[in-house]
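Down below is the structure, laid out as structure tokens.
Residue numbers (our numbering): 932 to 1134.
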């Protein structure tokens, strides 16, 4: 798979792999070392291991990884606004946040650390399908707000990441159970895809 010509590579053709739950590995540092050795033995000059910043994990170097990537809604901050939403089920005991506030806060973020860092955005978020009345919802998400987010992340990436490291991640292509999907739907059609294209074309 890593040798496939379609595989996503950075840094002079090095394949990149993401680790979602770094803390679940008993010894990720040695695991990464082992993977890299096996890649070299099989004709792959290197492997770029990127740690997802989730469940409190922030510094990739603690786990022997080469970089980190944002993974909203992990690591985002916004006021809880459930008491401002009309018509909620009285039994609802989840959390509702303002997506617009998330975008504004995220666009002000900078990498104050020495490690390599990739930016990431979410399209929206509503995991009611999974968590029912205990769901987490980001209110006021839309292609327009997402487009603002993406324009900012792409601009940041062009400014601070060298050319062969200019990658921005999106959560997600088709995470229907958590309400974040780039794939077309009946509400916005191709709206999120078109927003992504416009953001990429901004200079």
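Ideal placement from N, C-alpha and C gives every residue a C-beta, glycine not left out. Only a predicted model underlies this, so the values are computations on that prediction, with no experimental measurement involved.
With 16 other Cβ atoms within 10 Å as the buried cut-off, status of residue i
i	result
residue 1077	buried
residue 932	exposed
residue 936	exposed
residue 883	Shown here, the chain extends from 932 to 1134; a query on residue 883 therefore has no answer.
residue 1123	buried
residue 1083	buried
Residue i versus residue j - alpha carbon distance
i	j	result
residue 962	residue 983	16 Å
residue 989	residue 1074	28 Å
residue 1098	residue 997	14 Å
residue 995	residue 1008	27 Å
residue 1161	residue 1121	In the structure as shown, the chain begins at 932 and stops at 1134. Residue 1161 is therefore absent and cannot be evaluated.
residue 1034	residue 1072	10 Å
residue 975	residue 954	26 Å
residue 1000	residue 945	17 Å
residue 1057	residue 1069	6 Å
residue 977	residue 1053	29 Å
residue 940	residue 1049	14 Å
residue 1136	residue 1015	This structure cannot speak to residue 1136, because the chain is shown only from 932 to 1134.
residue 1002	residue 1038	14 Å
residue 970	residue 942	16 Å
residue 1129	residue 1102	18 Å
residue 951	residue 985	7 Å
residue 1132	residue 1115	20 Å
residue 1025	residue 1005	16 Å
residue 1040	residue 1107	28 Å
N- and C-terminal bounds of the beta strand (DSSP E) containing residue i
i	result
residue 1001	998-1001
residue 1070	1067-1070
residue 1039	No beta strand (DSSP E) contains residue 1039, which DSSP labels as neither H nor E.
residue 984	979-984
residue 1052	1047-1053
residue 949	945-950
residue 1028	1026-1029
Limits of the alpha helix (DSSP H) - the one that residue i falls within
i	result
residue 1124	1122-1132
residue 969	959-972
Coil, strand or helix - residue i by DSSP
i	result
residue 990	coil
residue 1092	coil
Practice problem: Determine contact between the region 1088-1101 and the region 1055-1073, defined as no fewer than three beta-carbon pairs at a distance below 8 Å. | Solution: no
Quiz item: At a cut of 8 Å, does the region 1002-1017 reach the region 1029-1042 through at least three beta carbon pairs?
Solution: yes
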